[in-house]
Amino acid sequence: MSAHAEWALVCRLFSTGTPVMRMRLSESEAALLPGLTKAVKPASINANIVPCPYCGMAGGEVRRGRDGCLECCCVECGPVSVDPDDLTAFALDDQWLHRKLRAALDIDSDGGSTMLTAGAWMLGSSGKTPVVLTRDIPRLWREAGLLDRVRIANGPVRVIAPTRQISAGVPTDAGVEWLALEERFRLRGEVVSFLAPPGAAITRRKNDPAAPVHGPFSGDFRLVYLDGEDNPPIRCTKAQSEVFRALWEFGGHDRRAEDVRRRTGRSTTKPIDLFKAHPEPKRAYEALVVTNQKEGLYRMPCAVR
Ligand SMILES: [Zn+2]
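First residue of the sequence shown: 9, per my numbering; consecutive thereafter.
Given below as structure tokens:
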């Protein structure tokens with residue numbers, strides 16, 4: 009059986025969040041169940057109304073027929089006998105998924121996961137970055153402050169969520185790194201692994217002056233390696249590298265333009281002015297620096313230590 013199809017079913021059951029009746033699974037999905045006994049467990053649901061096994065269209069009430077067998081009273085077809093196996097439901101063992109994701113992201117598994125709200129859990133911290141799993145991004149957003157509860161010193165939070173919800177549109181400036189469950193993880197046998205963005209796996213010698221040693225920056229802050237890019241690093245001017253160094257040294261905290269100016273000794277009004285004429289460094293600046301224009305504050309989330 010294809011591991012890809014198994015992972016797709018796990019993700020589908022996670023997104024649904026409730027037990028799914030066997031008859032609602034496709035033939036090929038049902039065929040995956042024997043290989044997924046640790047992840048997907050039979051569950052009981054109160055099935056009063058089921059889709060008619062004959063026409064598949066109308067729904068009908070389930071009752072015991074005169075012969076003692078189950079039948080569905082379809083409004084179109086009348087009583088149709090139902091295979092009790094079809095009424096079995098299956099649900100994802102959420103704890104299984106949490107354990108696998110924690111292992112995939114090297115999250116210390118002491119303490120396990122904690123529920124933040126319905127359909128959202130704090131899985132723990134990967135390095136210094138809190139990791140949240142949710143099947144309901146809108147809810148995460150509605151309940152203001154939910155993410156701030158796990159955020160460390162205004163740093164970024166990694167949020168794992170179904171791909172469809174992320175592609176439906178999520179705030180990109182909210183200090184959140186979005187990880188699409190279906191795409192960024194893979195199931196092989198018993199192991200779920202994290203697919204790091206291309207380029208991240210490149211290992212460099214520590215004494216290579218071009219190596220990223222301050223987060224995405226080289227030792228002199230002249231080279232920037234953007235996440236998820238396999239391209240050569242972006243080369244910055246000396247002035248630009250000074251801005252990055254200053255923001256890096258502020259450790260991800262909000263600072264005013266004036267603080268950056270004082271640190272770099274350059275007299276530009278706004279840090280971005282030094283980048284405007286250089287498309288690639290400007291792209292790096294925009295990817296790494298969070299600007300609060302109203303308050304005139306700047307911070308670089310990747311600098312949180
Ligand atoms: Zn029918």
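Glycine residues also receive a C-beta, built at the ideal position from the N, C-alpha and C atoms.
Give me, in chain order, the residues of the same chain whose beta-carbon lies closer than 7 Å to that of residue i; leave out the 5 immediate sequence neighbours on both sides.
| i | result |
| --- | --- |
| glutamate 191 | Thr171 |
| proline 92 | Leu78 |
| alanine 311 | Gly223, Leu255, Trp256, Phe258, Gly259, Gly260 |
| glycine 125 | In the sequence on display, residue 125 carries threonine and not glycine. So the qualifying residues of the chain are Arg147, Glu151, Leu154. |
| valine 178 | Ile145, Trp186 |
My output table needs one value for residue i: the three-state DSSP class, helix, strand or coil.
| i | result |
| --- | --- |
| valine 88 | strand |
| threonine 96 | coil |
| serine 226 | strand |
| isoleucine 115 | coil |
| isoleucine 242 | strand |
| lysine 214 | Because the pLDDT at lysine 214 is just 48, under 50, the model does not fix this residue reliably, and the value given afterwards should be weighed accordingly. In this structure, lysine 214 counts as coil in the three-state DSSP scheme. |
| arginine 264 | strand |
| arginine 53 | The sequence as given places isoleucine at residue 53; arginine does not occur at that position. Coil. |
| threonine 24 | helix |
| glycine 67 | strand |
| proline 8 | Residue coverage of the chain in this structure runs from 9 to 313, which leaves residue 8 outside it and unanswerable. |
| alanine 11 | helix |
State the Cα-Cα distance for the pair residue i and residue j, rounded to the nearest angstrom.
| i | j | result |
| --- | --- | --- |
| isoleucine 242 | serine 175 | 27 Å |
| cysteine 358 | arginine 110 | There is simply no residue 358 to check, as the chain begins at 9 and stops at 313 in what is shown. |
| isoleucine 280 | tyrosine 293 | 8 Å |
| aspartate 114 | alanine 204 | 13 Å |
| lysine 290 | tyrosine 233 | 13 Å |
| lysine 46 | methionine 123 | 22 Å |
| glutamate 250 | aspartate 228 | 9 Å |
| aspartate 116 | alanine 161 | 20 Å |
| valine 58 | glycine 67 | 5 Å |
| valine 70 | valine 90 | 8 Å |
| glycine 127 | isoleucine 168 | 12 Å |
| valine 268 | glutamine 301 | 15 Å |
| serine 134 | tryptophan 149 | 22 Å |
| proline 316 | alanine 11 | As displayed, the chain neither begins before 9 nor continues past 313, which places residue 316 out of reach and without an answer. |
| alanine 38 | glutamine 248 | 56 Å |
| proline 217 | serine 226 | 7 Å |
Using a Cβ-Cβ cutoff of less than 8 Å, which residues in the same chain neighbour residue i once the five nearest sequence positions on both sides are dropped?
| i | result |
| --- | --- |
| valine 298 | Asp181, Gly183, Tyr306, Arg307, Met308, Pro309 |
| lysine 246 | Arg230 |
| threonine 96 | Met29, Arg30, Pro50 |
| phenylalanine 22 | Leu100, Asp102, Leu105, Arg143, Pro170, Leu189 |
Considering only DSSP beta bridges, list what residue i is partnered with.
| i | result |
| --- | --- |
| asparagine 300 | Leu305 |
| valine 48 | Leu100 |
| valine 251 | Partner(s): none; valine 251 has no beta bridge. |
| serine 133 | Pro138 |
| valine 221 | Bridge partners of valine 221: none, in fact. |
| methionine 29 | Ala97 |
| arginine 72 | Leu78 |
Compute the minimum distance between the beta carbon of residue i and the heavy atoms of ligand 2, and state whether it is under 8 Å.
| i | result |
| --- | --- |
| glutamate 69 | This structure lacks ligand 2; its bound ligands are ligand 1. |
Can you list, in chain order, the residues of its chain whose CB lies under 6 Å from that of residue i, leaving out five sequence neighbours each side?
| i | result |
| --- | --- |
| tryptophan 129 | Ser121, Met123, Leu141 |
| lysine 278 | Ala265 |
| serine 201 | Ala112, Arg194 |
| proline 138 | Val158, Val165 |
**Q.** Runs of alpha helix (DSSP H) lying entirely within the stretch 136-211, each at least 4 residues, in chain order
**A.** 145-150, 154-158, 171-175, 189-192
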